[in-house]
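Chemist: Residue numbering for the sequence shown is 26 to 362, as defined by the working numbering. All C-beta atoms, glycine included, are put in the ideal place defined by N, C-alpha and C. These numbers were taken from a predicted model, which means no experiment stands behind them.
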Amino acid sequence: MNKIQNQQIRLASRPIGEPTPANWNKTIEDIPALEDGDVLVKVEYISLDPAMRGWMNAARSYIRPVEIGEVMRAGGCGKVIDSKNEKFVVGDYVTGSPGVQSYWLIKGGKGALKVNTSIAPPTTWLGALGMVGMTAYFGLFDVCAPKPTDVVVVSGGAGAVGSLVGQMAKIHGCTVVGIAGGEEKTTLMRETFGFDGVVDYKKGNLRTQLRTACPEGIDVYFDNVGGEILDTCLSMLRLKARIAICGAISAYNATDMVGPKNYLSLLVNRARMEGFVVFDYAPRYSEAVTQMAQWIHEGKLKTIETVVEGNIDSFHETFMQLFRGENVGKLMLHVRE
Ligand code: NAP
């Protein structure tokens, strides 16, 4: 087992604006022999998440930055191919944060979570039953506390988190309006996810489209994108509205951060806007997994994934699809040798 070569993508420099391939370099190294407690995993799927762009910056955040020279941090899922740990056997599927590399040597078996592939396939454990699913569930039910009578607007509505937020708000009885870019995505939101209204922000007239979709205003806005969309939603709040700041992908590559202009709407409408980080909910993940797995099983919650076939070298190109809006649902890279 110790002759396997591991291909790794390491951070080479910090990007200014959009990342380029030059921000990473590739290394190849032998995998050392396993010690007692170690587990070796062949990484099959690498999760591409907008947050990875933030982890490339040196700035202080909710998690330490990826250091120059370090393997690029990334979620992922793979199969155990060797184990000196009684908790893991060859053939088990595990998720965690392997990083962008083809093999994951888990020292002492720490940081890996065994997943039950009889409940859902490995990709679902990276998507709806993984970090993005937990984000959608707790961001919606905890931070936004929706009532069945609420009008819920979600941006990034055809993406990994947004598609789940909108569908769970529908299950809860809410009226749901999804915002996304392009006709394929508005059709998906309306016909597959069953959203009541859809807005194509790339068509322009954002405010008019939103007014048409929610003439009475907005009770809950789940924000995945920030920028002009957040500002427009702020201007349409109803009394006691709630906004969850989940992310702001429109600003992740910006070199100059612009804040929302319409924040005084929070005052006028006695509304609140609250940021959250999914990792804070880790002690409660099993609650969300149980509920969401049941909804998936019942056909009430649809899981959409964009799985790009490639290898470790496909990382940069696949990652950038997030910022070009080329994914629907959860974006991941299937690592083939
Ligand atoms: P995603 O929505 O599956 O993918 C990103 C999507 O963002 C793209 O498909 C694109 O869709 C949209 N987008 C890209 N550039 C945009 C722009 N300039 N303006 C508007 N939309 C743009 O990604 P995700 O994994 O579900 O993440 C969604 C958000 O949740 C991100 O902001 C992420 O950072 C955040 N997040 C937060 C937490 C937390 O703990 N707070 C955890 C996970 C994720 P269109 O084609 O519609 O433009």
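Looking at the secondary structure, which residues open and close the beta strand (DSSP E) in which GLY103 lies?
Modeler: Looking at the DSSP string, the run of the beta strand (DSSP E) that includes GLY103 is 101–108.
Chemist: Are there 16 or more other CB atoms within 10 angstroms of the CB of ASN31, so buried, or fewer, so exposed?
Modeler: Buried.
Chemist: Considering only the beta carbon of each residue, do MET298 and ILE254 sit closer than 7 Å?
Modeler: Result no, Cβ atoms of MET298 and ILE254 do not sit closer than 7 Å.
Chemist: Taking the CB atoms as reference points, tell me whether MET191 and GLY182 lie closer together than 7 Å.
Modeler: Residue identity differs from the one stated: residue 191 is Gly in this sequence, not Met. Yes, the Cβ-Cβ distance between GLY191 and GLY182 is below 7 Å.
Chemist: Where do the ends of the beta strand (DSSP E) carrying MET298 lie?
Modeler: Segment 297–300, the beta strand (DSSP E) holding MET298.
Chemist: Taking only the alpha-carbon atoms, compute the straight-line gap between ILE106 and ASN287 and give it to the nearest angstrom.
Modeler: Taking the straight line joining both Cα atoms gives about 54 Å.
Chemist: Residues in its own chain within less than 7 Å of LEU260 by CB, not counting five upstream and five downstream?
Modeler: Per the sequence shown, the amino acid found at residue 260 is Ser instead of Leu. Excluding sequence neighbours, SER260 sits near ASN287 and SER290.
Chemist: Measuring alpha carbon to alpha carbon, tell me which residue in VAL125, ASP55 and LYS51 is nearest ASP74.
Modeler: Measuring from the Cα of ASP74, the nearest candidate turns out to be VAL125.
Chemist: Report the partner residues of TRP129 according to the DSSP bridge assignment.
Modeler: Beta-bridge pairing links TRP129 to VAL66.
Chemist: Give the DSSP-derived three-state secondary structure of LEU36 in the structure shown.
Modeler: DSSP places LEU36 in strand when its eight states are reduced to three.
Chemist: Which of the three DSSP states, helix, strand or coil, is assigned to GLU351?
Modeler: Looking at GLU351 - three-state DSSP - the assignment turns out to be coil, as it is neither helix nor strand.
Chemist: If you count every other CB in all the chains shown that lies within 10 Å of the CB of ILE41, and 16 or more means buried, which is it?
Modeler: Label assigned to ILE41: exposed.
Chemist: Under 7 Å between the Cβ atoms of ASP221 and THR211?
Modeler: No, the Cβ-Cβ distance between ASP221 and THR211 is not below 7 Å.
Chemist: Could you pull out every residue in the same chain whose Cβ sits closer than 6 Å to the Cβ of ILE93, ignoring the five residues on either side in sequence?
Modeler: Correct list, in chain order: LEU36.
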